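Engineer:
Chains as they are written, first to last, in the UniProt record's numbering: chain A, 1 to 275; chain B, 1 to 275.
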């Protein structure tokens, strides 16, 4: 139906936010709003300006017959800092300490709004890389992986520590957990990744990196490529890290069960940005 | 910073979409845009009109000093029908049949865009109920539960079939799987639900309903209340269903392994709406 500018702004904004990383032909909007292409272009220029101003991301236009407009989710450094600080603060709460020096983090990952912001953070961090699929391992990485994938507009595949009958044939590997040195198994459904895909690994926690190294092995079993690694929290005190090129949001420097104290620092997120 | 109407429309729309089911005081936007309250009210009226027109949901305003504006995600019947039809069509693909008559559905749940739409569908279906938390059971229900929860702005809790040390103390129950009649265990972290909470159960598949009945038992163990049940796919051929008040999107009427045929129908989603 024919819309005025203010109405088009509402719908265009909503539509772009719901279709990240998709090239949408301008003709789609010309039809949708029964408006001239030049008006749509002006609308998009306004949206572009405000998205950049508020740090929601970029609007890129590709000229020509096969062209269109694409929304690439982003985040301002200020907002990224706020999210990371909130995460650090929440993680430092001493009531999280569980027997054995483990940390209770289930509630943090339980909040969709925070998870969604974290997803936007990782998605903007990896926005310039070619990514076809996000990989994680059950269970806690799943919400984070979906949040990242929804901002990248790619599917998620979930590696499991057991293979289920409802997955069909699976590829499984043995790997050595970096911190406990135990041999473990992980499996992924044969149909889930195409050869040559570019895979982004997302997980909630990394200690020595054994689990992530296992996922990297799975990726090569599928003849796919590693496109990047993002972890929510990394442990600092690791004698030998098995993985070195990754983005982390928080770094756990100490869990002192006796003194009931947790020390958390921001991860390496900003380091690649020259800070 | 001071913004013109078209700029305010872009940011207001984005802000509301990112903060569903939250009452936001108008004064917040008055400050954010350095604009008069009357202008903000006019902006919101335009957004309200277009959100309703395109079936994105409702904008409600609460007058008075403690008032504000709230976005309640919704979906048009037309869009709901499209999503359900797409789901049915995808499920009917015979290459999904696995040995033993199981179905491969991992790829459907792997697409964040579809999962997100399904989440909006369930969220709008339960929008009028008081919901404090969404509950699911690992693993396949997790993405759906997060999608629903993000549109309801409530946290997610994940019931597990094993209890993990990083969850702290857990409450566990035994339940009988309705179809296999085996006794199984499920567990939930003690800290995850407050007494008196209203809990929406979301799961990917329901056969006889034993697993969901188990989750209902867990809810009463926590002295919380069941607020609703949503399942993506239900099996039709069940002699005795253990659960009766639920919303389903698709109904699996037959998996014929010999003839390589799957029959799927829309679920009961539209039945409560007088269709």
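Don't be surprised by glycine CBs; every beta carbon is placed ideally from N, CA and C. Since we're looking at a predicted model, the values are computed, not measured.
Would you mind working out which of A:246, A:199, A:134 sits nearest residue 223 (chain A), comparing C-alpha positions?
Structural biologist: The sequence position of residue 223 (chain A) within the first chain is 223, counting from 1. With distances taken between Cα atoms, residue 223 (chain A) lies closest to A:199.
Engineer: Determine contact between the segment 12-23 of chain B and the segment 54-74 of chain B, defined as no fewer than three beta-carbon pairs at a distance below 8 angstroms.
Structural biologist: Judged by Cβ distances under 8 angstroms, the segment 12-23 of chain B makes contact with the segment 54-74 of chain B, as three or more pairs qualify.
Engineer: Report the three-state DSSP secondary structure of residue 263 (chain B) (helix, strand or coil).
Structural biologist: Along the second chain, read from residue 1 onward, the residue named residue 263 (chain B) stands at position 263. Note: residue 263 (chain B) maps to strand in three-state DSSP.
Engineer: If you reduce the DSSP assignment to three classes, tell me which class residue 180 (chain B) lands in.
Structural biologist: One-based indexing of the second chain puts residue 180 (chain B) at position 180. The answer is coil: DSSP assigns residue 180 (chain B) none of H, G, I, E or B.
Engineer: Using a threshold of 7 angstroms, state whether the C-beta atoms of residue 157 (chain B) and residue 176 (chain B) are closer than that.
Structural biologist: For the purposes of this step, residue 157 (chain B) is taken as the residue at position 157 of the second chain. For the purposes of this step, residue 176 (chain B) is taken as the residue at position 176 of the second chain. Result no, Cβ atoms of residue 157 (chain B) and residue 176 (chain B) do not sit closer than 7 angstroms.
Engineer: With 7 angstroms as the C-beta to C-beta threshold (strictly closer), list the residues of the segment 66-88 of chain A near chain B in chain order.
Structural biologist: Within the segment 66-88 of chain A, no residue has a Cβ that lies closer than 7 angstroms to any Cβ of chain B.
Engineer: Of the residues A:112, A:90, A:114, which one's Cα is nearest the Cα of residue 103 (chain A)?
Structural biologist: As a working note, residue 103 (chain A) is residue 103 in the first chain. Nearest C-alpha to residue 103 (chain A): A:90.
Engineer: Quick one: list the residues of chain B neighbouring residue 10 (chain A), beta-carbon separation under 8 angstroms, in chain order.
Structural biologist: As a working note, residue 10 (chain A) is residue 10 in the first chain. Within 8 angstroms Cβ-Cβ: 9, 13, 46, 47, 50, 51.
Engineer: Would you tell me roughly how many angstroms separate the C-alpha atoms of residue 10 (chain B) and residue 229 (chain A), rounded to the nearest one?
Structural biologist: On the second chain, residue 10 (chain B) is found 10 positions in, with the first residue counted as 1. On the first chain, residue 229 (chain A) is found 229 positions in, with the first residue counted as 1. Their backbone Cα atoms lie some 33 angstroms apart in a straight line.
Engineer: Less than 7 angstroms between C-beta atoms, sequence neighbours within five positions excluded: which residues of the same chain meet that for residue 236 (chain B)?
Structural biologist: Here residue 236 (chain B) refers to the residue found at position 236 of the second chain. Once the five neighbours on either side are set aside, the close Cβ partners of residue 236 (chain B) are 251, 252, 253.
Engineer: Cutting at 6 angstroms between CB atoms, please list the residues of its own chain near residue 101 (chain B), excluding the five before and the five after it.
Structural biologist: Position 101 of the second chain holds residue 101 (chain B). For residue 101 (chain B), where only same-chain residues beyond five positions count, the Cβ hits under 6 angstroms are 255, 257.
Engineer: Is DSSP giving residue 162 (chain B) helix, strand or coil here?
Structural biologist: Sequence index remark: in the second chain, residue 162 (chain B) carries index 162 (1-based). Residue state, collapsed to three classes: coil.
Engineer: Which of the three DSSP states is assigned to residue 254 (chain A) in this structure?
Structural biologist: For the purposes of this step, residue 254 (chain A) is taken as the residue at position 254 of the first chain. Of the three classes helix, strand and coil, the one that applies to residue 254 (chain A) here is strand, per DSSP.
Engineer: Count the other CB atoms, across all protein chains shown, that sit within 10 Å of the CB of residue 28 (chain B); report buried if there are 16 or more and exposed otherwise.
Structural biologist: By 1-based counting over the second chain, the position of residue 28 (chain B) is 28. By the neighbour-count rule (16 or more Cβ atoms within 10 Å), residue 28 (chain B) is not buried but exposed.
Engineer: Going by DSSP, which residues form a beta bridge with residue 205 (chain A)?
Structural biologist: The residue given as residue 205 (chain A) occupies position 205 in the first chain. Answer by DSSP bridge pairing, in chain order: A:233.
Engineer: On a Cα-Cα basis, can you pick out the residue from A:44, A:25, A:38, A:146 that is closest to residue 12 (chain A)?
Structural biologist: Your numbering for residue 12 (chain A) matches position 12 in the first chain. Among A:44, A:25, A:38, A:146, the Cα nearest to that of residue 12 (chain A) is on A:44.
Engineer: Can you tell me whether residue 274 (chain B) is buried or exposed, with buried defined as 16 or more other CB within 10 angstroms of its CB?
Structural biologist: Residue numbering aside, residue 274 (chain B) sits at position 274 when the second chain is read from its first letter. At residue 274 (chain B) the pLDDT is 40, less than 50, meaning the model places this residue with poor confidence; the figure from the coordinates comes in the next sentence. Classification of residue 274 (chain B): exposed, given that the 10 Å Cβ count is below 16.
Engineer: Could you tell me whether any Cβ in chain A is nearer than 7 angstroms to the Cβ of residue 137 (chain B)?
Structural biologist: The sequence position of residue 137 (chain B) within the second chain is 137, counting from 1. No, residue 137 (chain B) lies away from the interface with chain A (no Cβ there is under 7 angstroms from its Cβ).
Engineer: If we define contact as Cβ-Cβ less than 7 angstroms, is residue 260 (chain A) a contact residue for chain B?
Structural biologist: Taking the first residue of the first chain as 1, we reach residue 260 (chain A) at position 260. By this cut-off, residue 260 (chain A) is not an interface position.
Engineer: With 16 as the cutoff for other CB atoms within 10 Å, does residue 140 (chain A) come out buried or exposed?
Structural biologist: Counting from 1 along the first chain, the entry for residue 140 (chain A) is found at position 140. Classification for residue 140 (chain A): buried.
Engineer: Taking DSSP as the reference, what is the three-state secondary structure of residue 275 (chain B)?
Structural biologist: As a first step, residue 275 (chain B) is located in the second chain; it is residue number 275 there, counting from the start. Annotation note: pLDDT 37 at residue 275 (chain B) (below 50); position unreliable, coordinate value reported separately. Reduced to three states, the DSSP call for residue 275 (chain B) is coil.
Engineer: For residue 15 (chain A), write down the residues that DSSP places opposite it in a beta bridge.
Structural biologist: Counting from one through the first chain, the residue named residue 15 (chain A) turns up at place 15. Answer is none; residue 15 (chain A) lacks a bridge partner.
Engineer: Assign residue 106 (chain A) to one of two classes, buried (16 or more other C-beta atoms within 10 Å of its C-beta) or exposed (fewer than that).
Structural biologist: Within the first chain, numbered from 1, the residue matching residue 106 (chain A) stands at position 106. By the 10 Å Cβ count, residue 106 (chain A) comes out buried.
Engineer: Measuring CB to CB, does residue 149 (chain B) end up less than 7 angstroms from residue 116 (chain B)?
Structural biologist: For the purposes of this step, residue 149 (chain B) is taken as the residue at position 149 of the second chain. For the purposes of this step, residue 116 (chain B) is taken as the residue at position 116 of the second chain. No; because the gap between Cβ atoms is not below 7 angstroms, this pair is not in contact.
Engineer: Taking the Cβ atom as the reference point for each residue, do residue 59 (chain B) and residue 47 (chain B) lie within a distance shorter than 7 angstroms?
Structural biologist: The count along the second chain starts at 1 and reaches residue 59 (chain B) at position 59. The count along the second chain starts at 1 and reaches residue 47 (chain B) at position 47. In contact: residue 59 (chain B) and residue 47 (chain B) (Cβ atoms closer than 7 angstroms).
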